[in-house]
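This report concerns only the one structure given below.
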């Protein structure tokens, strides 16, 4: 019987593990899948899913961090006698060591890479060795791990698998959509930067610019930043789809909170946010990641098709397209992967 224990750490990791759960149940309803959340133990049970718990105890709300960690370790140690595959979702490989010591099993590790410049330290490499296989969404990481004789497999663009189908279309006419993706933690500086880009691009270019407001940012903040730089706030005729738009001397920047729709419908994504860059790549969209560039350089690169082609070729080969959930499901249920070298060396 196929039995799995999904140990999750991180918000995106929990969302992806839930998608994998549904995909595996769809393919093989008899599969038994248990959960444990490191960040919030007990949350899976509240969602109606099977979650492991410590013997003779249970997870409670508002417990101390130390007690929570003790209960997590107790719950994991109780699984030592069970024959199940442990699957760890998280970006902290150091947890692979206690996971191995407590369960007596090397976990299948799924590190969800969210940065274009992830670090791989000596100690990271040491901890990776306590996994039975690494299923990663970054081919550069896979290549580096294989050089160190660590079993690793590239599954494709997991972050793009988080996106749902568009529920509507933006009213852009026949203009190409240029979607702008600022970072939540640096929203103010990123918005100012994008306003300069839009102002320069609008001179002679007929383009529909749309900027996505991050979840924790208030629309009022975007409005105030724009008005301080001489832009005028206008209400949008597109209702709930748009928060409004900023206008300055014929240049327009629409503001929306529908990030997924912007990613899927854009002709070009301009992004200072790494997750958006990776997701746009997974959707097959043309993308320009922005690092240490001024607005003039960004405009120049947008108008350089050769640079955009080479940049997107690199991103595509590194992160791939969506469909990683299906590949992981097939690997867990049937041991099927597309990489013959991986199968020969590392499959049991």
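Numbering (this note's numbering), first residue to last: 4 to 351. Glycine residues also receive a C-beta, built at the ideal position from the N, C-alpha and C atoms.
Determine the extent of the beta strand (DSSP E) in which residue i is found, giving its start and end residues.
i           : result
residue 331 : Per DSSP, residue 331 belongs to no beta strand (DSSP E); it is in the alpha helix (DSSP H), 327-337.
residue 38  : 35-40
residue 165 : That residue, residue 165, is in no beta strand (DSSP E); it is neither H nor E in DSSP.
residue 138 : 134-139
residue 354 : With the chain running from 4 to 351 in the structure shown, residue 354 is simply not present.
May I ask you to report which of helix, strand or coil DSSP gives residue i?
i           : result
residue 106 : helix
residue 3   : A question about residue 3 goes unanswered here, because the residues of the chain that appear run from 4 up to 351.
residue 85  : coil
residue 95  : coil
residue 119 : coil
residue 348 : Here residue 348 scores only 44 on pLDDT, less than 50, and its place in the model is too uncertain to base an answer on.
residue 279 : helix
residue 147 : helix
residue 172 : coil
Drop a sphere of 10 angstroms on the beta-carbon of residue i, count the other beta-carbons inside from all chains shown, and report buried for 16 or more, exposed for fewer.
i           : result
residue 69  : exposed
residue 222 : exposed
residue 348 : Note that residue 348 scores 44 on pLDDT, short of 50, meaning its location in the model is unreliable; the coordinates nonetheless yield the value given after this. Per the 10 Å Cβ criterion, exposed.
residue 351 : Residue placement at residue 351 cannot be trusted, given a pLDDT of 38 that sits under 50; the coordinates are not used to answer.
residue 257 : buried
residue 112 : buried
residue 346 : For residue 346, the predicted structure reports a pLDDT of 44, less than 50, and the residue's modelled location is therefore unreliable. The matter cannot be settled from this model.
residue 144 : buried
residue 160 : buried
residue 214 : buried
residue 140 : buried
residue 6   : exposed
Determine which residues share a DSSP beta bridge with residue i and list them.
i           : result
residue 242 : Bridge partners of residue 242: none, in fact.
residue 291 : 273
residue 235 : 250
residue 212 : 181
residue 54  : 38
residue 257 : 213, 248
residue 228 : Partner(s): none; residue 228 has no beta bridge.
residue 142 : The partner list for residue 142 (beta bridge, DSSP) is empty, contrary to what the question assumes.
Figure out for me which residue from the options has the closest Cα to the Cα of residue i.
i           : options            : result
residue 148 : 133, 162, 160, 161 : 133
residue 123 : 158, 150, 270, 109 : 150
residue 251 : 302, 234, 152, 277 : 234
residue 243 : 232, 249, 260      : 260
residue 94  : 80, 104, 107, 114  : 114
residue 117 : 212, 284, 171, 219 : 284
residue 245 : 172, 185, 277      : 172
residue 158 : 7, 296, 330        : 330
residue 232 : 39, 191, 119       : 191
residue 180 : 196, 255, 153      : 255
residue 208 : 15, 335, 253       : 253
residue 353 : 271, 80, 41        : There is simply no residue 353 to check, as the chain begins at 4 and stops at 351 in what is shown.
residue 3   : 97, 210, 90, 86    : Residue 3 lies beyond the range of the chain shown here (4 to 351); nothing can be said about it.
residue 28  : 230, 125, 52, 80   : 52
residue 322 : 306, 142, 214      : 142
residue 290 : 327, 275, 298, 335 : 275
residue 282 : 294, 22, 264       : 264
residue 14  : 33, 44, 308, 186   : 44
residue 241 : 19, 175, 270       : 175
residue 153 : 131, 139, 140      : 131
residue 316 : 19, 293, 32, 288   : 288
residue 21  : 36, 302, 220       : 36
residue 105 : 96, 80, 121, 92    : 80
residue 57  : 49, 72, 50, 67     : 72
Could you please give the first and the last residue of the uninterrupted alpha helix (DSSP H) stretch that includes residue i?
i           : result
residue 80  : 68-80
residue 321 : 308-322
residue 20  : 14-30
residue 129 : 125-131
residue 205 : Residue 205 -> no alpha helix (DSSP H), and no H or E assigned at all.
residue 304 : 298-305
residue 10  : From DSSP, residue 10 is part of no alpha helix (DSSP H) but of the beta strand (DSSP E) over 6-11.
residue 219 : Taken as a continuous stretch (DSSP letters only), residue 219 belongs to no alpha helix (DSSP H), as it is neither H nor E.
residue 3   : Any question about residue 3 goes unanswered here, given that the chain covers just 4 to 351.
residue 264 : 262-268
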